[in-house]
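Undergrad: Sharing a structure below in structure tokens format, with a few things to ask.
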Amino acid sequence: MKDFVETHLKRKYSKLTLFDITPRFLQDCETYMKDEKGRSLTTVSMYLRALKAIFNKAIDEKEIEKDYYPFGKRKYQVPNSSNVKKALSKEQLSLLFNATPENKHQEKARDFWFFSYACNGINIKDIAQLKFKHIQEGKFSFYRAKTITTSKAQLKPVTIYLNEYTQSIIEKYSKDVSNPEDFVFDIISEKDTPAEQHLKVNNFNRFIGQHLKRLAAKIGLPKEISAYWARHSFATSAVRNGATMEFIQESLGHNNLSTTQRYFAGFDSDTKKEFSKTIMDFNI
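Written as structure tokens, this is what we have:
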């Protein structure tokens, strides 16, 4: 935003006020970020949604009149990036799973990516907070950290059933069991402050992303891949394999079905092709 104001508009950023931000200003800013700076639609959306939130707060606190609100129908609408695919196809998943890592960092990044994928797309923060006491009778249940901070009622636990692969990752990377209260993986520590735990989780997220990108680039997968793609890939694979949205909603720990639907990347060409072959088959 600062670069747009000072470089493109030739104005001082420190002098900018909410009254200067008009629908035309926002549209020009979007164009500048995409065309001049090469920002993705997701990044543009993130910046401008943050600005929209500032406007909403200013209006709530009577700092600015609603008439100056530049967002909305027939004004400026923040680009919707929800249709950007973040899921790997079945063939891409196989390619990544069977790829040969160049080093232990790539191997660990891939292992935890597929651990997330195989555990209903569990977030890295929830993986970090997994304790030995949570694992019982071949499964573990937990409350999503994100849900705890955003929903104060109707909290529902997510239950994950371990399979041969996820069990092997636990055995490969877990610490020795000495206390049921211990974290399974050495990502965070009980001695850490909340701020330190937050930093360590973010660092581990970056670790997975950085090393997975290098492995993905070597085998021709999308360079944008990150740890979060495991969650979208799980949801999309589940739908393509016949799971209902309600099943996936429960598996992901969502309170709202519309949130779950945004995780689905659509049906691939092979699925559509097979469907077209059977659409006129009326034999029971």
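Quick note: the sequence shown uses my numbering, first residue 7, plus one each step.
Idealized CB from N, CA, C, for every residue including glycine.
Quick caveat: nothing in here was measured; it's all calculated off a predicted structure.
(1) On the criterion of 16 or more Cβ atoms from any shown chain inside 10 Å, does arginine 55 qualify as buried, or is it exposed?
(2) By how many angstroms is the C-alpha of threonine 49 removed from the C-alpha of asparagine 1?
(3) Would arginine 116 be called buried (16 or more neighbouring beta carbons within 10 Å of its own) or exposed?
(4) So what's valine 6 in DSSP terms, helix, strand or just coil?
(5) Could you check the C-alpha separation between threonine 156 and tyrosine 149 for me, to the nearest Å?
(6) Which residues does DSSP list as the beta-bridge partners of tyrosine 82?
(7) Determine the direct distance from the alpha carbon of valine 245 to that of tyrosine 167, and round the result to whole angstroms.
(8) Taking 9 Å as the cut-off, decide whether the C-beta atoms of alanine 233 and phenylalanine 77 are in contact.
(9) According to DSSP, simplified to helix, strand and coil, what is serine 51?
(10) At 4 residues or longer, what runs of the alpha helix (DSSP H) sit wholly inside the segment 191-239?
(11) According to DSSP, simplified to helix, strand and coil, what is isoleucine 27?
(12) Out of Trp235, Lys206 and Glu202, state which residue places its alpha-carbon closest to the alpha-carbon of glycine 215.
(13) Exposed or buried, what is isoleucine 60 when buried is set at 16 or more other beta-carbons lying within 10 Å of its beta-carbon?
(14) Who are the near neighbours of serine 178 in its chain, counting only those whose CB is closer than 8 Å to its CB and skipping five residues on each side?
(15) Using the three-state DSSP reduction, which class does lysine 137 fall into: helix, strand or coil?
(16) Which value, in whole angstroms, describes the spacing of the CA atoms of serine 184 and lysine 137?
(17) Look at the alpha carbon of lysine 16 and the alpha carbon of aspartate 34, and state the distance between them as a whole number of angstroms.
(18) What is the rounded straight-line gap between the Cα of isoleucine 141 and the Cα of isoleucine 194?
TA: The structure says:
(1) exposed
(2) Outside the displayed span of the chain (7 to 290) sits residue 1, for which this structure offers no information.
(3) Burial is judged here by how many other beta carbons sit within 10 angstroms of a residue's own beta carbon; arginine 116 has at least 16 and is buried.
(4) Since the displayed the chain opens at 7 and closes at 290, residue 6 lies outside it and no answer follows.
(5) Legend: pLDDT at threonine 156 = 47, less than 50; position of this residue unreliable, value from coordinates given subsequently. Rounded to whole angstroms, threonine 156 to tyrosine 149 spans 12 Å at the Cα level.
(6) Phe77
(7) 18 Å
(8) no
(9) helix
(10) 200-224
(11) Here isoleucine 27 sits in coil by DSSP.
(12) Checked all of Trp235, Lys206 and Glu202; the closest Cα to glycine 215 is Trp235.
(13) It is exposed - the Cβ of isoleucine 60 has fewer than 16 other Cβ atoms within 10 Å.
(14) Per the sequence shown, the amino acid found at residue 178 is lysine instead of serine. Within the same chain, lysine 178 has close Cβ partners Asp117.
(15) strand
(16) 11 Å
(17) Roughly 13 Å separates the two Cα atoms.
(18) 18 Å
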